[in-house]
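Q:
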Amino acid sequence: LATPSLLAKSCHDLDLINWWMDEPVKAVSSFGGLRTFHKRNAPAGAPRFCMDGCPHRESCIYHAEDVYVNKKRWGTHHIETPDRSEESIRSKLRRGQYGQCVYQADNTVNDHQVVNMLYRSGATAAFSMEAMTSYGGRRTRIMGTKGDIVGDERYLDVATFNDEKRIRWDVEATGQDLSGHGGGDQRMTADWAQAVVRNDPSFLVTKLEDAMESHRVGYAAVTSSKEGGRLVTL
């Protein structure tokens, strides 16, 4: 069994939501499942490995050779090869896990999940983890009593209700390095190094307790989704 996808791929989202809310989660409900990437949806006659002469080669948008070599829809840094040549990658795809038919792999994690969170003050948050989108990354909407913030990982649009003022922030225009989880990896490492060098834990902006809280919420959501959306109190 694999780690739940909500925690493996979206624990950062729960981290962000909890950071914005700045208060404990009181209850969680969730729905989700493995709906699309399942053996029951495999096209008739599709082999286990894409490169074994799949009859749906031209129509399948998930054919491994297209994803990793021909159209390069995804990176290949995670595929272990003696070099980065296309032939080496093709060789791995012929029998490696990344060359399996997406419908016939041994995947057990959800390909979609929605999570509803109730916070102590009565404020609520809703999160949706989806595989079926034309874009990657996050799209966020924060709705307050005096305005809202809408954005993705490039732009943030801030609007106020009283004067209908709108401001657009271009994240890339800041000139900051946003690689590695939006720049978080480098900054967390720098904080840790400073805390060690100066023997001062106040440099640790992100603490273990913060990570534990997002995992607590995540596991509660997984439990809820497995039990038909049951409300889980924390």
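The letter at position 166 of the sequence shown is residue 166 when you use our numbering, and the numbering goes up by one with no holes.
The beta carbon of each residue, even a glycine, is placed where N, CA and C say it ideally should be.
Quick caveat, the model's predicted, so the values are computed rather than measured.
1. Can you give the Cα-Cα distance for residue 133 and residue 164, rounded to whole angstroms?
2. Rank 116, 166, 131 by C-alpha distance to the C-alpha of residue 148 and give the top, closest one.
3. How far does the alpha helix (DSSP H) with residue 224 in it reach, from first residue to last?
4. How big is the Cα-Cα spacing for residue 9 and residue 53?
5. Taking residue 32 as the reference, which of 101, 112, 85 has the closest Cα?
6. Look at the alpha carbon of residue 204 and the alpha carbon of residue 84, and state the distance between them as a whole number of angstroms.
7. Could you check the C-alpha separation between residue 157 and residue 21 for me, to the nearest Å?
8. Can you give me the Cβ contacts of residue 104 inside the same chain, cut-off strictly under 8 Å, excluding the 5 residues immediately before and after it?
9. For residue 29, which residues of its own chain have a beta-carbon under 6 Å away from its beta-carbon, when the five flanking residues on both sides are left out?
10. How long is the line joining the alpha carbons of residue 37 and residue 102, rounded to whole angstroms?
11. Buried or exposed for residue 161, please, with buried defined as at least 16 other CB atoms from any protein chain shown within 10 angstroms of its CB.
A: In brief:
1. If you take the alpha carbons of residue 133 and residue 164, they lie about 31 Å apart.
2. Nearest option by C-alpha distance: 166.
3. Residues 208-226.
4. Across the structure, residue 9 and residue 53 are spaced so that their CA atoms are roughly 32 Å apart.
5. When each option's Cα is compared against that of residue 32, the closest is 112.
6. If you take the alpha carbons of residue 204 and residue 84, they lie about 38 Å apart.
7. Taking the straight line from one Cα to the other gives about 19 Å.
8. Hits under 8 Å: 39, 42, 46, 48.
9. Only 116, 224, 229, 231 meet the Cβ criterion.
10. CA-to-CA, the gap between residue 37 and residue 102 works out to about 6 Å.
11. With fewer than 16 Cβ atoms within 10 Å of its Cβ, residue 161 is classed as exposed.
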